[in-house]
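J.: Sharing a structure, written as structure tokens. Questions coming.
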Amino acid sequence: MTFKWYGLAPLLAATALALVSPVAAQTPPNVLVVGQIAEPASLDPHVSTAANDFRIAVNLYDGLVRNKSGTLEIEPALATDWIISDDGLEYTFNLREGVSFHDGTPFNAEAVKFNFDRMLDETHPFADTGPFPLSFFFSSVENVEVIDDLTVKFTLNEPFAPFMSNLASPTGLIVSPAAVEQYGADYGRNPVGTGPFKFEEWQSNTRVVASRNDDYWDGAPALEAAIFRPITDANTRVAEMLSGGIDVLLETPPDNVAQFRDDANYQVVEAVGPHVWYVMLNAKEGPFTDVRVRQAVNYAVNKESLVNDVLQGTAEVSAGPIPPAFNWAYNEEVDPYPYDPEMAKQLLAEAGAEGASLTFLVTEGGSGMLDPVPMGTAIQADLAAVGLDVEIQTYEWNTFLSEVNPGLEGKADMAEMAWMTSDPDTLPFLTLRTAAWPEEGGFNSSYYSNPEVDALLDQARVATDQAERAELYKQVQEIAHEDAPWLFVANWKQNAVVTSAVGDFELQPDFGLVLRDVSKP
Amino acid sequence: MTAYIGKRLLAAIPVILGLSIIVFLVMKLIPGDPAQALLGSYATPENVERINRALGLDRSWPEQYVIWIGNLLQGDFGRSYILNRPVLDEVLERFGATLILAGASLVICSVLGILAGIVSAVRQFGWTDRIVTFFVLIGISMPAFFLGLVLILLFAVQWRLLPASGMYAVYGGGDLPDLLRHLILPAGTLAIVATGVVARLTRAAMLEVLRQDFIRTARAKGLSENAVIYRHAFRAALVSIIPVIGIQAGFVLGGAVYIETVFQWPGLGQMLVKAVSTRDLLLVQGGVLVAATVYVLVNLLADVAQAMLDPRLKA
Numbered sequence: 001m002t003f004k005w006y007g008l009a010p011l012l013a014a015t016a017l018a019l020v021s022p023v024a025a026q027t028p029p030n031v032l033v034v035g036q037i038a039e040p041a042s043l044d045p046h047v048s049t050a051a052n053d054f055r056i057a058v059n060l061y062d063g064l065v066r067n068k069s070g071t072l073e074i075e076p077a078l079a080t081d082w083i084i085s086d087d088g089l090e091y092t093f094n095l096r097e098g099v100s101f102h103d104g105t106p107f108n109a110e111a112v113k114f115n116f117d118r119m120l121d122e123t124h125p126f127a128d129t130g131p132f133p134l135s136f137f138f139s140s141v142e143n144v145e146v147i148d149d150l151t152v153k154f155t156l157n158e159p160f161a162p163f164m165s166n167l168a169s170p171t172g173l174i175v176s177p178a179a180v181e182q183y184g185a186d187y188g189r190n191p192v193g194t195g196p197f198k199f200e201e202w203q204s205n206t207r208v209v210a211s212r213n214d215d216y217w218d219g220a221p222a223l224e225a226a227i228f229r230p231i232t233d234a235n236t237r238v239a240e241m242l243s244g245g246i247d248v249l250l251e252t253p254p255d256n257v258a259q260f261r262d263d264a265n266y267q268v269v270e271a272v273g274p275h276v277w278y279v280m281l282n283a284k285e286g287p288f289t290d291v292r293v294r295q296a297v298n299y300a301v302n303k304e305s306l307v308n309d310v311l312q313g314t315a316e317v318s319a320g321p322i323p324p325a326f327n328w329a330y331n332e333e334v335d336p337y338p339y340d341p342e343m344a345k346q347l348l349a350e351a352g353a354e355g356a357s358l359t360f361l362v363t364e365g366g367s368g369m370l371d372p373v374p375m376g377t378a379i380q381a382d383l384a385a386v387g388l389d390v391e392i393q394t395y396e397w398n399t400f401l402s403e404v405n406p407g408l409e410g411k412a413d414m415a416e417m418a419w420m421t422s423d424p425d426t427l428p429f430l431t432l433r434t435a436a437w438p439e440e441g442g443f444n445s446s447y448y449s450n451p452e453v454d455a456l457l458d459q460a461r462v463a464t465d466q467a468e469r470a471e472l473y474k475q476v477q478e479i480a481h482e483d484a485p486w487l488f489v490a491n492w493k494q495n496a497v498v499t500s501a502v503g504d505f506e507l508q509p510d511f512g513l514v515l516r517d518v519s520k521p
Numbered sequence: 001m002t003a004y005i006g007k008r009l010l011a012a013i014p015v016i017l018g019l020s021i022i023v024f025l026v027m028k029l030i031p032g033d034p035a036q037a038l039l040g041s042y043a044t045p046e047n048v049e050r051i052n053r054a055l056g057l058d059r060s061w062p063e064q065y066v067i068w069i070g071n072l073l074q075g076d077f078g079r080s081y082i083l084n085r086p087v088l089d090e091v092l093e094r095f096g097a098t099l100i101l102a103g104a105s106l107v108i109c110s111v112l113g114i115l116a117g118i119v120s121a122v123r124q125f126g127w128t129d130r131i132v133t134f135f136v137l138i139g140i141s142m143p144a145f146f147l148g149l150v151l152i153l154l155f156a157v158q159w160r161l162l163p164a165s166g167m168y169a170v171y172g173g174g175d176l177p178d179l180l181r182h183l184i185l186p187a188g189t190l191a192i193v194a195t196g197v198v199a200r201l202t203r204a205a206m207l208e209v210l211r212q213d214f215i216r217t218a219r220a221k222g223l224s225e226n227a228v229i230y231r232h233a234f235r236a237a238l239v240s241i242i243p244v245i246g247i248q249a250g251f252v253l254g255g256a257v258y259i260e261t262v263f264q265w266p267g268l269g270q271m272l273v274k275a276v277s278t279r280d281l282l283l284v285q286g287g288v289l290v291a292a293t294v295y296v297l298v299n300l301l302a303d304v305a306q307a308m309l310d311p312r313l314k315a
């Protein structure tokens with residue numbers, strides 16, 4: 001028996017040709033395929049914590065209120081209007097009439113109560129469908145009361161101004177109680193909301209499909225369906241975009257943005273986000289106890305070069321702890337520290353800190369951290385240029401957090417950090433107050449303390465008048481800028497690339513990916 | 001033979017149990033926990049404690065391990081903290097995908113590797129041998145993830161012949177031709193390195209056999225060259241080639257981690273990478289347990305096949 005393997009060659013060639021030839025290079029009309037950065041963890045908006053999941057959730061659900069498109073200003077959604085009591089403790093909402101969940105059950109005051117009780121009351125019959133990591137957004141809620149079918153009242157245990165922003169965040173989206181009862185702990189894979197798209201199918205690590213809700217209260221969307229595909233590797237995501245496998249590419253690597261910008265087949269969409277990237281400076285011990293040294297590093301680092309060269313223009317230089325995305329609370333008069341190494345050297349000399357040795361904690365990656373290693377190295381080089389000797393210690397993200405969150409004392413002089421928030425209160429409240437030092441359970445890991453800032457932040461929390469709050473945050477920005485508890489570096493701009501066929505695509509400052517107005521004929 | 005297989009299977013139990021203890025300890029010893037991964041920058045001690053209580057992670061380590069083993073013996077692998085779904089559902093779904101990818105590349109690397117090895121042994125130091133050796137060395141030296149990206153750029157972006165990533169088309173598709181089209185690039189990439197190794201070792205094994213007396217006898221009997229090589233020499237060489245393929249099975253399972261990430265193949269490797277970085281202990285345990293069991297079984301299979309081919313090993 002002589003086996004002539006090459007006898008098979010024509011057969012193999014024919015099979016290969018048959019497999020290779022029929023390639024659908026374009027996605028079908030009226031179906032939008034979104035290339036996401038990861039598989040969603042859960043489509044239960046109260047269980048989930050990731051921006052990646054929320055991009056799907058905001059299309060399946062509505063909250064009582066939402067952010068007006070393109071801004072962080074509140075507008076009605078499932079609630080048509082509301083009254084806040086003068087003491088800031090009672091919020092009464094009138095609910096929209098005639099809205100149903102996708103499973104046909106009615107949206108009403110009972111449903112709202114169910115949603116918040118499930119998250120906040122550990123004895124609720126469906127409390128075990130959690131955990132609900134971000135439920136503390138609503139920890140000031142004392143109780144939720146059904147006044148009548150379409151009126152619901154929240155009573156708070158202390159005035160809490162960010163309450164409305166938190167209701168507009170994905171954690172405030174309203175799920176169908178009937179569906180939670182039906183699916184229990186598996187609800188996160190069988191989501192039911194009131195949103196512009198209905199959940200159809202979730203094929204693990206392959207796709208999540210949502211179809212048009214023709215009965216949507218705010219007008220049915222133009223798209224027939226939206227398909228979310230997880231593509232973890234950034235290079236592969238770009239390749240899928242180039243080969244026509246997806247219509248929307250999220251979180252484009254900085255290096256590829258220019259390539260798409262120069263190509264008429266694609267549109268690059270950008271938006272500010274409530275994001276702050278900074279380096280905290282240990283104010284408890286070492287050289288950074290002196291405010292002049294903290295200011296010196298702010299002068300010494302070339303932020304323009306960081307955002308333009310390392311981040312390729314995907315971020316802007318930041319001026320303080322409050323990002324410009326909160327347009328109503330942002331202080332336009334505070335400018336970023338200019339790049340001025342001479343000034344830095346002078347301040348270091350005044351403080352007697354020339355040639356100081358510093359330890360700098362850097363992470364390898366992590367949520368919102370952008371390009372932490374190259375950024376850390378560039379900062380190290382700029383500081384070396386003014387005579388500071390910086391030693392970098394690099395950690396994997398979770399390890400990094402467990403080093404940094406308990407406080408820098410005895411460990412390091414500086415550490416990278418980034419936050420994305422939904423209200424101007426969140427970041428300064430958790431990271432700049434004296435009462436937020438690590439031993440108090442906060443995130444002020446570099447021990448900044450200024451009684452004036454503490455007072456302003458406490459005041460802003462109980463002020464329910466937005467203009468008054470705005471004024472207070474503007475003062476916080478000014479003082480924090482001057483005190484320089486951090487090296488202020490960047491505010492990230494979100495970006496997405498869409499094909500030229502896609503119409504009315506917008507990124508939202510709250511990181512939501514709202515598809516209800518998007519078209520793709 | 002049955003007694004031998006039974007003995008080997010029994011011996012695998014302590015190995016897998018030990019492995020589960022090591023994985024458990026390593027996951028507990030590295031800093032960070034699922035609560036922190038869930039909460040990210042919001043991980044205050046208070047929030048972490050609340051989540052740990054909800055997940056049952058406030059118990060002592062031995063207690064947690066014993067609970068896990070106890071549930072496992074009843075067929076319950078637990079629930080993934082991060083994915084909010086039963087570990088077994090996730091692992092089985094992922095395992096199917098990995099099996100297809102690793103299986104296909106194992107077949108490719110065995111067939112191509114053995115053919116290349118035989119050809120280059122028979123024509124030792126000839127041009128064919130040199131060309132085969134050249135490509136084999138390139139295959140062995142090329143990092144698989146890099147090669148994967150290059151192939152995506154050529155076949156999906158440049159020529160638009162094959163899909164860039166995924167296992168099935170996101171709309172339509174879902175049938176066998178669709179799967180095969182998605183399989184070509186990742187399975188091919190994963191097979192290339194393994195093919196090189198199989199080819200090198202087949203060549204060495206064949207050269208060794210071809211020098212032996214019984215080959216000279218076969219030729220002297222007047223058998224055709226094809227009969228000498230395939231029926232006599234190759235059968236004898238197969239005894240040393242099969243264990244290599246068993247080892248390559250482990251290699252493609254391991255290599256699948258990178259390839260699955262590059263090609264967004266919804267397999268076990270990709271799942272494990274994410275599970276480790278989010279400290280999803282039960283998911284890691286479930287995944288490792290399945291992967292280890294498969295590895296043990298494949299090696300057992302290779303040993304059995306070898307024993308059947310080589311009369312000297314028959315007990």
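Chains as they are written, first to last, in my numbering: chain A, 1 to 521; chain B, 1 to 315. Glycine residues also receive a C-beta, built at the ideal position from the N, C-alpha and C atoms. In this text, all values refer to a predicted model and were calculated from it rather than measured experimentally.
1. What three-state label does DSSP hand residue 456 of chain A in the structure shown?
2. Determine the chain B residues that contact residue 231 of chain A at a beta-carbon separation under 7 Å, and present them in chain order.
3. At the level of alpha carbons, what is the spacing between residue 305 of chain B and residue 244 of chain B?
4. In chain order, what are the residue ranges of uninterrupted alpha helix (DSSP H) at least 4 long that sit wholly in the stretch 217–271 of chain A?
5. Identify, in the order they occur along the chain, each residue of the same chain with its Cβ nearer than 7 Å to the Cβ of residue 265 of chain B, setting aside the five sequence neighbours on each side.
6. When the Cα atoms are used, what is the spatial distance from residue 46 of chain B to residue 21 of chain B?
7. Taking the alpha carbon of residue 516 of chain A as the point to measure from, which residue in A/274, A/131, A/461, A/224 has its own alpha carbon closest?
8. Return the bridge partner residues of residue 315 of chain A from the DSSP annotation.
9. For a contact defined as C-beta to C-beta under 8 Å, what are the partners of residue 85 of chain B on chain A?
10. Closer than 9 Å between beta carbons: that is the criterion. Which residues of the stretch 200–214 of chain A meet it against chain B?
11. Let's see if you can read the secondary structure: which residues bound the alpha helix (DSSP H) around residue 232 of chain B?
12. Applying a beta-carbon distance threshold of less than 7 Å, which residues of chain A neighbour residue 40 of chain B?
13. For the 8 Å Cβ check, are there 3 or more pairs between the stretch 267–287 of chain A and the stretch 420–427 of chain A?
14. Per DSSP, what kind of secondary structure is residue 393 of chain A in: helix, strand or coil?
15. Hey, out of A/305, A/143, A/444, A/310, whose CA is closest to residue 254 of chain A's CA?
16. Could you tell me whether the Cβ atoms of residue 250 of chain A and residue 45 of chain A are closer together than 8 Å?
17. In this structure, what does DSSP give as the bridge partners for residue 36 of chain A?
18. Buried or exposed: residue 278 of chain B, going by 16 or more other Cβ atoms within 10 Å of its Cβ?
19. Closer than 7 Å, Cβ to any Cβ of chain A: which residues of the stretch 186–204 of chain B, in chain order?
20. Can residue 33 of chain A and residue 170 of chain B be called in contact, C-beta distance under 8 Å?
21. Could you check whether residue 353 of chain A and residue 293 of chain A sit closer than 8 Å to each other, using their CB atoms as the reference points?
22. Can you find the residues in the same chain that come closer than 8 Å, C-beta to C-beta, to residue 195 of chain B, ignoring five residues on each side of it along the sequence?
23. Have a look at residue 51 of chain B and residue 44 of chain B and give me their C-alpha separation to the nearest angstrom.
24. Examine the Cβ distances between the stretch 154–166 of chain A and the stretch 87–101 of chain A and report whether three or more of them are shorter than 8 Å.
25. Answer yes or no: does any C-beta atom of chain B fall closer than 8 Å to that of residue 518 of chain A?
26. Of all the options A/397, A/215, A/327, which has the alpha carbon lying nearest to the alpha carbon of residue 74 of chain A?
27. In its own chain, which residues sit with a C-beta less than 8 Å from the C-beta of residue 524 of chain A, not counting the 5 before and 5 after it?
28. Residues of chain A with CB closer than 9 Å to the CB of residue 130 of chain B, please, in chain order.
29. Where residue 37 of chain B and residue 300 of chain B are concerned, what is the direct C-alpha to C-alpha distance, given to the nearest angstrom?
30. Looking at the unbroken beta strand (DSSP E) that takes in residue 76 of chain A, where does it start and where does it end?
31. Can you pull the chain A residues whose beta carbon is under 7 Å from the beta carbon of residue 157 of chain B, in chain order?
32. By Cβ distance, which residues of its chain are closer than 6 Å to residue 501 of chain A, with the 5 residues on each side in sequence left out?
33. When you compare the CB of residue 41 of chain A with every CB in chain B, is at least one pair closer than 8 Å?
34. DSSP on residue 212 of chain A, reduced to helix/strand/coil?
35. Whole angstroms are fine: how far does the CA of residue 283 of chain A sit from the CA of residue 333 of chain A?
36. Looking at residue 246 of chain A and residue 512 of chain A, is the spacing between their C-beta atoms short of 8 Å?
T.: With the given structure in hand:
1. Here the question's residue 456 of chain A lines up with position 456 in the first sequence. Residue state, collapsed to three classes: helix.
2. In the first sequence, the residue the question calls residue 231 of chain A occupies position 231. Near residue 231 of chain A (Cβ distances below 7 Å), the residues of chain B are 165, 264.
3. Position 305 of the second sequence holds residue 305 of chain B. Position 244 of the second sequence holds residue 244 of chain B. Approximately 12 Å, taken between the alpha carbons.
4. 234–242, 254–261
5. Residue 265 of chain B sits at position 265 when you count from the first residue of the second sequence. Cβ within range, chain order: 97, 101, 167, 186, 259.
6. What you label residue 46 of chain B is simply residue 46 of the second sequence in a count that begins at 1. What you label residue 21 of chain B is simply residue 21 of the second sequence in a count that begins at 1. Looking at the two C-alpha atoms, the distance is approximately 29 Å.
7. Translated into the one-based positions of the first sequence, residue 516 of chain A becomes position 516. Checking every option, the nearest Cα to that of residue 516 of chain A belongs to A/224.
8. Locating residue 315 of chain A in the first sequence gives position 315, where the first residue counts as 1. The partner list for residue 315 of chain A (beta bridge, DSSP) reads A/492.
9. As a first step, residue 85 of chain B is located in the second sequence; it is residue number 85 there, counting from the start. Those are 186, 188, 189, listed as they occur along chain A.
10. 203, 204, 205, 206, 207, 209
11. On the second sequence, position 232 is the one that residue 232 of chain B refers to. It is not in any alpha helix (DSSP H) - residue 232 of chain B carries neither H nor E in the DSSP assignment.
12. As a position in the second sequence, residue 40 of chain B is number 40, starting the count at 1. 49, 367, listed in chain order.
13. yes
14. As a working mapping, residue 393 of chain A is identified with position 393 in the first sequence. If DSSP states are grouped into helix, strand and coil, residue 393 of chain A belongs with the strands.
15. Along the first sequence, read from residue 1 onward, the residue named residue 254 of chain A stands at position 254. Cα-wise, what sits closest to residue 254 of chain A is A/310.
16. In the first sequence, the residue the question calls residue 250 of chain A occupies position 250. In the first sequence, the residue the question calls residue 45 of chain A occupies position 45. Taking 8 Å as the Cβ cut-off, residue 250 of chain A and residue 45 of chain A do not qualify as a contacting pair.
17. Working through the first sequence from its first residue, we reach residue 36 of chain A at position 36. Answer is A/230.
18. In the second sequence, residue 278 of chain B corresponds to position 278, counting from 1. Buried, by the Cβ-count rule.
19. none
20. The residue labelled residue 33 of chain A in the question sits at position 33 within the first sequence. The residue labelled residue 170 of chain B in the question sits at position 170 within the second sequence. Against a cut-off of 8 Å, the Cβ pair of residue 170 of chain B and residue 33 of chain A comes out as a contact.
21. For the purposes of this step, residue 293 of chain A is identified with residue 293 of the first sequence, where counting begins at 1. For the purposes of this step, residue 353 of chain A is identified with residue 353 of the first sequence, where counting begins at 1. Cβ atoms of residue 293 of chain A and residue 353 of chain A: closer than 8 Å.
22. Position 195 of the second sequence holds residue 195 of chain B. Excluding positions up to five away in sequence, the list reads 108, 109, 112, 113, 116, 136, 139.
23. For the purposes of this step, residue 51 of chain B is identified with residue 51 of the second sequence, where counting begins at 1. For the purposes of this step, residue 44 of chain B is identified with residue 44 of the second sequence, where counting begins at 1. Approximately 11 Å, taken between the alpha carbons.
24. yes
25. Walking along the first sequence from the start, residue 518 of chain A turns up at place 518. It does not; no Cβ of chain B falls within 8 Å.
26. One-based indexing of the first sequence puts residue 74 of chain A at position 74. Residue A/327 holds the alpha-carbon nearest to the alpha-carbon of residue 74 of chain A among A/397, A/215, A/327.
27. Summary: the structure shown does not reach residue 524 of chain A, with chain A confined to residues 1 through 521, and so no result is reported for it.
28. Residue numbering aside, residue 130 of chain B sits at position 130 when the second sequence is read from its first letter. What residue 130 of chain B touches in chain A: nothing, since even the nearest Cβ is about 20 Å away.
29. Stepping through the second sequence from its first residue, residue 37 of chain B is reached at position 37. Stepping through the second sequence from its first residue, residue 300 of chain B is reached at position 300. Near 38 Å, if we compare the C-alpha coordinates of residue 300 of chain B and residue 37 of chain B.
30. Taking the first sequence and counting its residues from 1, one reaches residue 76 of chain A at position 76. That run of the beta strand (DSSP E) goes 74–76.
31. If you number the second sequence from 1, residue 157 of chain B lands on position 157. Correct list: 239, 242, 243.
32. Counting from one through the first sequence, the residue named residue 501 of chain A turns up at place 501. Same-chain partners within the cutoff: 520.
33. As a working mapping, residue 41 of chain A is identified with position 41 in the first sequence. Chain B, which has a Cβ nearer than 8 Å to the Cβ of residue 41 of chain A, makes this yes.
34. As a working mapping, residue 212 of chain A is identified with position 212 in the first sequence. If DSSP states are grouped into helix, strand and coil, residue 212 of chain A belongs with the strands.
35. Numbered from its first residue, the first sequence carries residue 333 of chain A at position 333. Numbered from its first residue, the first sequence carries residue 283 of chain A at position 283. When rounded, the distance between both Cα atoms is 26 Å.
36. As a first step, residue 512 of chain A must be located in the first sequence, where it is residue number 512. As a first step, residue 246 of chain A must be located in the first sequence, where it is residue number 246. No.
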